[in-house]
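> This structure is in C-alpha coordinates; I'll ask about it shortly.
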Amino acid sequence: MGCGITARKTTLKYNDLPESLKDLRLAIQESVPHGHSSLKHLSEDYGSWSSIPDGVQRLYNKHLATEYSRIGKRAPEAVIEQPEQQLGTLGLPDHFVEMSSDELENIWILVHTGSRKPGRKLGEYFTSVARKEMGVNAFSLPNVNLAYIEESSKSFRDYLAAHGWAKKFAKLNREMILRNVVNRLRQFVPSRVRNFKGQLEVIDCPHNFVSKETHMESELYVMRRGAISAKLDEVGIVAGTMTEKSYIVKGTGHDKSFESCSSGMGRTRS
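Here the sequence shown stands for residues 32 to 301, where the numbers follow the working numbering.
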(Lines of atoms letter the chains of each structure in order from A; the text may use other names.)
(Lines give C-alpha, C1' and ligand atoms only; values in the text may rest on other atoms or scores of the structure.)
Protein backbone atom coordinates (compact mmCIF):
# COMPACT_ATOMS: atom_id res chain seq x y z
CA MET A 32 0.00 0.00 0.00
CA GLY A 33 1.23 3.48 -0.86
CA CYS A 34 4.31 2.36 -2.76
CA GLY A 35 5.62 5.03 -5.08
CA ILE A 36 8.47 7.31 -6.07
CA THR A 37 9.47 10.68 -4.68
CA ALA A 38 11.83 12.86 -6.73
CA ARG A 39 13.77 15.89 -5.55
CA LYS A 40 15.45 18.34 -7.87
CA THR A 41 18.57 19.84 -6.28
CA THR A 42 20.69 22.88 -7.11
CA LEU A 43 23.65 20.59 -7.82
CA LYS A 44 25.00 20.13 -11.33
CA TYR A 45 26.44 16.95 -12.81
CA ASN A 46 29.99 18.33 -12.60
CA ASP A 47 29.58 18.84 -8.84
CA LEU A 48 29.56 15.07 -8.27
CA PRO A 49 32.80 13.19 -7.57
CA GLU A 50 34.43 11.47 -10.54
CA SER A 51 34.01 8.09 -8.85
CA LEU A 52 30.60 7.50 -7.25
CA LYS A 53 31.57 4.29 -5.46
CA ASP A 54 32.28 5.84 -2.04
CA LEU A 55 29.10 7.92 -2.26
CA ARG A 56 27.07 4.82 -3.06
CA LEU A 57 28.59 2.94 -0.12
CA ALA A 58 27.84 5.87 2.20
CA ILE A 59 24.20 5.92 1.08
CA GLN A 60 23.94 2.16 1.59
CA GLU A 61 25.29 2.65 5.11
CA SER A 62 22.68 5.29 5.99
CA VAL A 63 19.63 3.62 4.41
CA PRO A 64 18.72 0.11 5.63
CA HIS A 65 17.87 -2.11 2.68
CA GLY A 66 17.09 -5.78 2.14
CA HIS A 67 14.91 -8.17 4.11
CA SER A 68 16.73 -9.29 7.26
CA SER A 69 16.26 -7.52 10.58
CA LEU A 70 19.92 -7.01 11.48
CA LYS A 71 22.97 -5.81 9.62
CA HIS A 72 25.32 -8.61 8.55
CA LEU A 73 28.52 -8.76 6.55
CA SER A 74 26.41 -9.06 3.40
CA GLU A 75 25.13 -5.50 4.07
CA ASP A 76 21.62 -6.90 3.73
CA TYR A 77 19.54 -5.44 6.54
CA GLY A 78 15.99 -4.31 6.11
CA SER A 79 15.16 -2.47 9.32
CA TRP A 80 16.73 -0.45 12.12
CA SER A 81 18.26 -2.66 14.81
CA SER A 82 18.38 0.47 16.98
CA ILE A 83 15.71 3.02 16.05
CA PRO A 84 17.23 6.52 15.58
CA ASP A 85 15.72 9.25 17.75
CA GLY A 86 14.61 11.22 14.68
CA VAL A 87 12.74 8.22 13.30
CA GLN A 88 10.99 7.61 16.60
CA ARG A 89 9.94 11.26 16.91
CA LEU A 90 8.57 11.33 13.37
CA TYR A 91 6.63 8.10 13.93
CA ASN A 92 5.20 9.27 17.26
CA LYS A 93 4.11 12.60 15.78
CA HIS A 94 2.52 11.45 12.53
CA LEU A 95 1.72 7.72 12.68
CA ALA A 96 1.53 6.21 16.17
CA THR A 97 -1.98 7.28 17.22
CA GLU A 98 -3.78 6.08 14.09
CA TYR A 99 -1.83 2.80 13.99
CA SER A 100 -2.92 2.15 17.56
CA ARG A 101 -6.56 2.69 16.50
CA ILE A 102 -6.12 0.25 13.61
CA GLY A 103 -4.66 -2.31 16.02
CA LYS A 104 -7.62 -1.98 18.39
CA ARG A 105 -10.07 -2.59 15.54
CA ALA A 106 -8.05 -5.43 13.99
CA PRO A 107 -5.18 -6.81 16.13
CA GLU A 108 -4.25 -9.32 13.40
CA ALA A 109 -3.55 -6.47 10.96
CA VAL A 110 -0.65 -4.83 12.80
CA ILE A 111 2.95 -5.62 13.71
CA GLU A 112 5.11 -4.69 16.68
CA GLN A 113 7.40 -1.68 16.31
CA PRO A 114 6.47 -0.61 12.78
CA GLU A 115 8.81 2.35 13.27
CA GLN A 116 11.72 -0.07 12.76
CA GLN A 117 10.81 0.08 9.07
CA LEU A 118 10.49 3.86 8.76
CA GLY A 119 13.36 5.27 6.70
CA THR A 120 14.20 1.89 5.14
CA LEU A 121 14.22 0.86 1.50
CA GLY A 122 13.27 -2.82 1.28
CA LEU A 123 13.47 -4.96 -1.86
CA PRO A 124 13.48 -6.29 -4.57
CA ASP A 125 12.96 -3.40 -7.01
CA HIS A 126 13.01 -0.50 -4.57
CA PHE A 127 15.84 1.91 -5.23
CA VAL A 128 17.67 5.16 -4.60
CA GLU A 129 18.62 6.82 -7.88
CA MET A 130 20.65 9.89 -8.75
CA SER A 131 20.06 11.30 -12.24
CA SER A 132 20.80 14.44 -14.23
CA ASP A 133 18.30 16.14 -16.52
CA GLU A 134 18.87 17.87 -19.89
CA LEU A 135 20.33 20.91 -18.10
CA GLU A 136 22.60 18.71 -15.95
CA ASN A 137 20.58 19.41 -12.78
CA ILE A 138 20.90 16.57 -10.27
CA TRP A 139 17.72 14.80 -9.17
CA ILE A 140 17.39 12.21 -6.40
CA LEU A 141 14.67 9.57 -6.74
CA VAL A 142 13.51 7.12 -4.07
CA HIS A 143 11.20 4.19 -4.79
CA THR A 144 9.72 2.41 -1.77
CA GLY A 145 6.45 2.05 0.13
CA SER A 146 4.90 1.19 3.48
CA ARG A 147 7.18 -1.81 3.98
CA LYS A 148 6.17 -4.64 6.35
CA PRO A 149 3.37 -2.70 8.13
CA GLY A 150 1.67 -2.04 4.78
CA ARG A 151 2.13 -5.61 3.57
CA LYS A 152 0.58 -6.92 6.78
CA LEU A 153 -2.42 -4.62 6.37
CA GLY A 154 -2.85 -5.72 2.75
CA GLU A 155 -2.71 -9.41 3.65
CA TYR A 156 -5.21 -8.92 6.46
CA PHE A 157 -7.82 -7.13 4.36
CA THR A 158 -7.37 -9.62 1.50
CA SER A 159 -8.28 -12.38 3.96
CA VAL A 160 -11.24 -10.32 5.20
CA ALA A 161 -12.50 -9.96 1.62
CA ARG A 162 -12.31 -13.71 1.01
CA LYS A 163 -14.03 -14.46 4.30
CA GLU A 164 -16.86 -11.96 3.79
CA MET A 165 -17.48 -13.11 0.22
CA GLY A 166 -17.55 -16.74 1.34
CA VAL A 167 -18.44 -19.21 -1.40
CA ASN A 168 -19.15 -16.31 -3.78
CA ALA A 169 -15.40 -15.73 -4.08
CA PHE A 170 -15.12 -18.95 -6.08
CA SER A 171 -17.37 -17.53 -8.80
CA LEU A 172 -14.71 -14.90 -9.58
CA PRO A 173 -12.06 -15.46 -12.29
CA ASN A 174 -9.53 -15.64 -9.45
CA VAL A 175 -10.15 -15.94 -5.71
CA ASN A 176 -7.60 -13.13 -5.20
CA LEU A 177 -10.16 -10.77 -6.79
CA ALA A 178 -12.37 -11.06 -3.71
CA TYR A 179 -13.61 -7.64 -2.60
CA ILE A 180 -15.20 -5.90 0.38
CA GLU A 181 -18.63 -4.30 0.04
CA GLU A 182 -18.50 -0.49 0.17
CA SER A 183 -21.34 -0.33 2.70
CA SER A 184 -19.57 -2.56 5.24
CA LYS A 185 -17.60 -1.69 8.36
CA SER A 186 -14.67 -3.64 6.93
CA PHE A 187 -14.57 -1.27 3.95
CA ARG A 188 -14.37 1.77 6.22
CA ASP A 189 -11.64 0.05 8.24
CA TYR A 190 -9.77 -0.71 5.02
CA LEU A 191 -9.88 2.91 3.85
CA ALA A 192 -8.54 4.07 7.22
CA ALA A 193 -5.72 1.53 7.07
CA HIS A 194 -4.97 2.43 3.46
CA GLY A 195 -4.73 6.11 4.37
CA TRP A 196 -2.30 5.31 7.18
CA ALA A 197 -0.13 3.12 4.93
CA LYS A 198 -0.03 5.81 2.25
CA LYS A 199 1.11 8.36 4.84
CA PHE A 200 3.76 5.94 6.18
CA ALA A 201 5.06 5.34 2.65
CA LYS A 202 5.38 9.04 1.89
CA LEU A 203 7.17 9.75 5.18
CA ASN A 204 9.40 6.75 4.52
CA ARG A 205 10.53 8.19 1.19
CA GLU A 206 11.01 11.65 2.70
CA MET A 207 13.22 10.28 5.47
CA ILE A 208 15.36 8.31 3.02
CA LEU A 209 15.75 11.40 0.83
CA ARG A 210 16.83 13.42 3.85
CA ASN A 211 19.50 10.84 4.69
CA VAL A 212 20.71 10.71 1.09
CA VAL A 213 21.00 14.51 0.87
CA ASN A 214 22.95 14.61 4.14
CA ARG A 215 25.39 11.99 2.86
CA LEU A 216 25.69 13.71 -0.51
CA ARG A 217 26.86 16.93 1.17
CA GLN A 218 29.97 15.07 2.34
CA PHE A 219 31.03 14.25 -1.23
CA VAL A 220 30.55 17.50 -3.14
CA PRO A 221 32.96 20.48 -3.27
CA SER A 222 32.81 22.91 -0.35
CA ARG A 223 31.55 25.70 -2.63
CA VAL A 224 28.26 23.81 -3.17
CA ARG A 225 28.03 21.91 0.12
CA ASN A 226 25.05 24.00 1.22
CA PHE A 227 23.11 23.14 -1.93
CA LYS A 228 19.32 23.17 -1.83
CA GLY A 229 18.04 19.62 -1.68
CA GLN A 230 14.43 20.29 -2.62
CA LEU A 231 14.30 22.88 -5.37
CA GLU A 232 11.36 20.86 -6.70
CA VAL A 233 9.63 17.88 -5.03
CA ILE A 234 7.34 15.39 -6.77
CA ASP A 235 5.66 12.59 -4.84
CA CYS A 236 4.04 10.00 -7.07
CA PRO A 237 2.40 6.89 -5.54
CA HIS A 238 1.67 3.95 -7.83
CA ASN A 239 -0.11 1.53 -5.49
CA PHE A 240 -3.18 3.18 -4.02
CA VAL A 241 -6.96 3.60 -4.07
CA SER A 242 -8.70 6.85 -4.99
CA LYS A 243 -12.38 7.77 -5.21
CA GLU A 244 -12.87 9.54 -8.53
CA THR A 245 -15.44 10.36 -11.21
CA HIS A 246 -14.94 8.81 -14.64
CA MET A 247 -17.40 8.70 -17.55
CA GLU A 248 -20.03 10.33 -15.32
CA SER A 249 -19.73 7.58 -12.69
CA GLU A 250 -18.28 7.86 -9.20
CA LEU A 251 -16.05 4.89 -8.43
CA TYR A 252 -12.93 3.68 -6.67
CA VAL A 253 -9.85 3.41 -8.87
CA MET A 254 -7.15 1.00 -7.74
CA ARG A 255 -3.81 1.88 -9.31
CA ARG A 256 -1.17 -0.80 -8.92
CA GLY A 257 1.95 -0.26 -10.97
CA ALA A 258 0.15 2.77 -12.41
CA ILE A 259 0.18 6.48 -11.65
CA SER A 260 -2.52 9.11 -11.79
CA ALA A 261 -2.23 11.03 -15.07
CA LYS A 262 -4.92 13.69 -14.93
CA LEU A 263 -4.56 16.58 -17.37
CA ASP A 264 -1.25 18.38 -16.68
CA GLU A 265 -0.69 16.38 -13.47
CA VAL A 266 3.05 15.86 -12.89
CA GLY A 267 4.19 12.26 -12.45
CA ILE A 268 7.25 10.00 -12.44
CA VAL A 269 7.90 7.09 -14.80
CA ALA A 270 10.96 5.07 -13.78
CA GLY A 271 13.28 3.47 -16.29
CA THR A 272 15.23 0.24 -15.98
CA MET A 273 18.61 0.29 -14.22
CA THR A 274 21.15 2.57 -15.95
CA GLU A 275 18.39 3.90 -18.24
CA LYS A 276 16.48 7.17 -18.09
CA SER A 277 13.62 7.96 -15.74
CA TYR A 278 11.05 10.54 -16.81
CA ILE A 279 9.19 13.44 -15.24
CA VAL A 280 5.90 13.53 -17.16
CA LYS A 281 2.61 15.42 -17.40
CA GLY A 282 -0.71 13.64 -17.70
CA THR A 283 -3.05 13.93 -20.67
CA GLY A 284 -6.23 13.05 -18.77
CA HIS A 285 -7.14 10.13 -21.06
CA ASP A 286 -10.63 8.91 -20.09
CA LYS A 287 -10.29 5.35 -21.38
CA SER A 288 -7.30 4.70 -19.13
CA PHE A 289 -9.11 6.21 -16.14
CA GLU A 290 -6.56 9.05 -16.34
CA SER A 291 -3.70 6.67 -15.54
CA CYS A 292 -0.45 5.46 -17.06
CA SER A 293 2.25 2.89 -16.31
CA SER A 294 4.58 3.71 -13.43
CA GLY A 295 7.63 2.47 -15.35
CA MET A 296 9.49 -0.40 -16.94
CA GLY A 297 9.78 -2.48 -13.78
CA ARG A 298 12.94 -3.98 -12.32
CA THR A 299 13.74 -7.47 -11.15
CA ARG A 300 16.13 -5.97 -8.63
CA SER A 301 17.94 -2.73 -7.84
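Backbone N, C-alpha and C define an ideal beta-carbon position, used for all residues, glycine too.
Report the three-state DSSP secondary structure of Lys185 (helix, strand or coil).
Lys185: helix per DSSP, three-state reduction.
> Can you name the start and end residues of the alpha helix (DSSP H) that Gly21 belongs to?
Look at the range of the chain in this structure, 32 to 301, and you will see that residue 21 is not part of it.
> For the 8 angstroms Cβ check, are there 3 or more pairs between the region 133-153 and the region 39-50?
Touching, per the Cβ criterion.
> If you draw a straight line from the C-alpha of Gly78 to the C-alpha of Ala192, how long is it?
So the two alpha carbons sit approximately 26 angstroms from each other.
> Roughly how many angstroms separate the alpha carbons of Phe157 and Ile279, rounded to a whole number?
Cα to Cα, Phe157 sits roughly 33 angstroms from Ile279.
> In whole angstroms, give me the CA-to-CA distance for Leu73 and Leu57.
Confidence at Leu73 is low in this model, with a pLDDT of 43, below 50, so its placement is unreliable and the value that follows should be read with caution. Their Cα atoms are separated by approximately 13 angstroms.
> What does Cys292 pair with, by DSSP beta-bridge criteria?
Note: Cys292 sits in a beta bridge opposite Ile259.
> With the cut-off set at 8 angstroms, would you say Asp235 and Gly35 are in Cβ contact?
Yes. Within cutoff.
> What did DSSP end up calling Ala96 once you bin it into helix, strand or coil?
Note: Ala96 maps to helix in three-state DSSP.
> Name the residue from Val269, Ile180, Ile111 whose alpha carbon lies nearest to the alpha carbon of Arg162.
It is Ile180.
> Please state whether DSSP places Arg217 in a helix, a strand or coil.
Coil.
> Taking 8 angstroms as the threshold (C-beta atoms), are Val266 and Tyr252 in contact?
No, the Cβ-Cβ distance between Tyr252 and Val266 is not below 8 angstroms.
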